[in-house]
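Okay, so here's the structure we're looking at.
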Amino acid sequence: MQEKIINILKKYWGYNSFRPMQEDIILSVLNGNDTLALLPTGGGKSITFQVPALALDGVCIVISPLIALMKDQVENLKRRQINAYSIHSGLNQYEIENILSNCLYGNVKFLYVSPERLETDVFRNHLLKMKVGLVAVDEAHCISQWGFDFRPPYRNIAKIRQLVPDVPIIAVTATATPAVVDDIMEQLAFKKKTVFRQSFYRQNLTYNVIFEEDKTGRMLKLLSEYKGTAIVYVRNRRKTKEYADFLNRNKIKAHFYHAGLLPQERDKRQEDWLKGKVRVIVATNAFGMGIDKPDVRLVVHMDIPDCIEAYFQEAGRGGRDGNSSYAWLLWANSDIIEA
8 MQEKIINILK KYWGYNSFRP MQEDIILSVL NGNDTLALLP TGGGKSITFQ VPALALDGVC
68 IVISPLIALM KDQVENLKRR QINAYSIHSG LNQYEIENIL SNCLYGNVKF LYVSPERLET
128 DVFRNHLLKM KVGLVAVDEA HCISQWGFDF RPPYRNIAKI RQLVPDVPII AVTATATPAV
188 VDDIMEQLAF KKKTVFRQSF YRQNLTYNVI FEEDKTGRML KLLSEYKGTA IVYVRNRRKT
248 KEYADFLNRN KIKAHFYHAG LLPQERDKRQ EDWLKGKVRV IVATNAFGMG IDKPDVRLVV
308 HMDIPDCIEA YFQEAGRGGR DGNSSYAWLL WANSDIIEA
């Protein structure tokens, strides 16, 4: 089996060896264990479920929180000549049923869906007839962060086990406290608790937390000091536009981004940033999961994030190419009151 997964890695990804812990996680899944993998951002989480899925017979159902994330991973797999699809709200009923039929009678290897999709009758009826090899839960920390109120279907994912009782589940995330780890395994009804943890410390990423009353001035100074692509995170939508306008006035090309923008406008701004048409994106936490630009050199937090998990997720957008990157968190007395 070890030789088989190395051959899959070489064939589809072009690598001769796995990163630390990836192989152990993959072998755990292939041994039929429910597995939770905690790897840092940029640590190759997707490979830990994509490789074993390719080694197993049947479809891999991937439960993913965002359409953008689904589309990105599906496109990535298709570029590697791997048959993958996603079902989301942008598709009509005919397109959805066509994809599900392909999963039954075709050679589909990966099917990306949201937690909400698991609760629909059409999906469940097809799943009963489908040969499923593996269930993967991407960004598994959402079970705790979103499941209680924002997206309750996250608390019902384990019901899929009634339809595919003998299929192992792998859950992956870059951020989870011990309490969240326990919650993920409980909510997914792990039969045996197999957890792999890798340190979230990344040698190429330098963290800086400083007191600063003149945050705008410091942000400008940081963007002058560190060249390359950057993300500036703020807590509310109004600030995204204010800071982006300020940067543009100072000859630094920037877009603002938040959940209140129309989807096509968000996509355009994200695409401009990914392609380097603008250097800086000023965003709320709506700009997070699914953003995979390897050469981000600077991440600035102008406000204190909601929690330490959110901070590591957002700061971890930097330096995914392995080169030096910097994360700065600026705080002032007013933040303590605001928080």
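Residues in the sequence shown are numbered from 8 upward in steps of one, following my numbering. Glycine residues also receive a C-beta, built at the ideal position from the N, C-alpha and C atoms.
What residue from the options has the CA that sits closest to residue i's CA?
{"i": "residue 181", "options": "124, 333 and 49", "result": "49"}
{"i": "residue 280", "options": "264, 20 and 270", "result": "264"}
{"i": "residue 113", "options": "97, 92 and 54", "result": "92"}
{"i": "residue 233", "options": "174, 303, 262 and 240", "result": "303"}
{"i": "residue 282", "options": "295, 266, 271 and 301", "result": "301"}
{"i": "residue 172", "options": "236, 40 and 96", "result": "40"}
{"i": "residue 260", "options": "267, 331 and 252", "result": "252"}
{"i": "residue 3", "options": "211, 268, 70 and 138", "result": "The displayed coordinates of the chain run from 8 to 346. Any statement about residue 3 would go beyond what the structure contains."}
{"i": "residue 200", "options": "341, 176 and 95", "result": "176"}
{"i": "residue 247", "options": "186, 204, 310 and 194", "result": "310"}
{"i": "residue 65", "options": "105, 88, 52 and 118", "result": "118"}
{"i": "residue 86", "options": "123, 21, 95 and 110", "result": "21"}
{"i": "residue 167", "options": "254, 146 and 134", "result": "134"}
{"i": "residue 139", "options": "188, 323 and 110", "result": "110"}
{"i": "residue 151", "options": "183, 174, 165 and 127", "result": "183"}
{"i": "residue 254", "options": "24, 267, 278 and 222", "result": "222"}
{"i": "residue 266", "options": "98, 240 and 293", "result": "293"}
{"i": "residue 305", "options": "338, 270, 256 and 213", "result": "213"}
{"i": "residue 295", "options": "287, 240, 286 and 268", "result": "240"}
For the alpha helix (DSSP H) holding residue i, just list the boundary residues, first then last.
{"i": "residue 90", "result": "Run containing residue 90: none; DSSP gives neither H nor E here."}
{"i": "residue 133", "result": "128-136"}
{"i": "residue 110", "result": "100-112"}
{"i": "residue 255", "result": "244-256"}
{"i": "residue 338", "result": "Counting along the chain, residue 338 falls outside any alpha helix (DSSP H), though it belongs to the beta strand (DSSP E) covering 332-338."}
{"i": "residue 15", "result": "9-20"}
{"i": "residue 319", "result": "315-322"}
{"i": "residue 120", "result": "Residue 120 -> not in any alpha helix (DSSP H); beta strand (DSSP E) instead, spanning 117-120."}
{"i": "residue 275", "result": "270-281"}
{"i": "residue 34", "result": "29-37"}
{"i": "residue 189", "result": "185-194"}
Ends of the beta strand (DSSP E) at residue i?
{"i": "residue 287", "result": "287-290"}
{"i": "residue 350", "result": "This structure does not reach residue 350, given that the chain is present from 8 up to 346, and the question cannot be answered."}
{"i": "residue 56", "result": "Not the beta strand (DSSP E): residue 56 falls in the alpha helix (DSSP H), residues 54-62."}
{"i": "residue 237", "result": "236-240"}
{"i": "residue 213", "result": "212-218"}
Bridge partners for residue i per DSSP, in chain order?
{"i": "residue 44", "result": "179 and 203"}
{"i": "residue 142", "result": "68 and 176"}
{"i": "residue 303", "result": "236"}
{"i": "residue 264", "result": "290"}
{"i": "residue 308", "result": "240 and 336"}
State yes or no: is the C-beta of residue i within less than 8 Å of the C-beta of residue j?
{"i": "residue 67", "j": "residue 75", "result": "no"}
{"i": "residue 144", "j": "residue 103", "result": "no"}
{"i": "residue 335", "j": "residue 307", "result": "yes"}
{"i": "residue 131", "j": "residue 107", "result": "no"}
{"i": "residue 125", "j": "residue 159", "result": "no"}
{"i": "residue 70", "j": "residue 29", "result": "no"}
{"i": "residue 230", "j": "residue 237", "result": "yes"}
{"i": "residue 8", "j": "residue 37", "result": "yes"}
Tell me whether residue i, by its Cβ, gets closer than 7 Å to a heavy atom of the ligand MG.
{"i": "residue 182", "result": "In the structure shown, the ligand MG is absent, as is every other ligand, since no ligand is present at all."}
Would the segment 201-218 count as touching the segment 78-89 if we require 3 or more Cβ pairs under 8 Å? no
Could you tell me whether the segment 190-205 touches the segment 312-324, using the rule of 3 or more Cβ pairs below 8 Å? no
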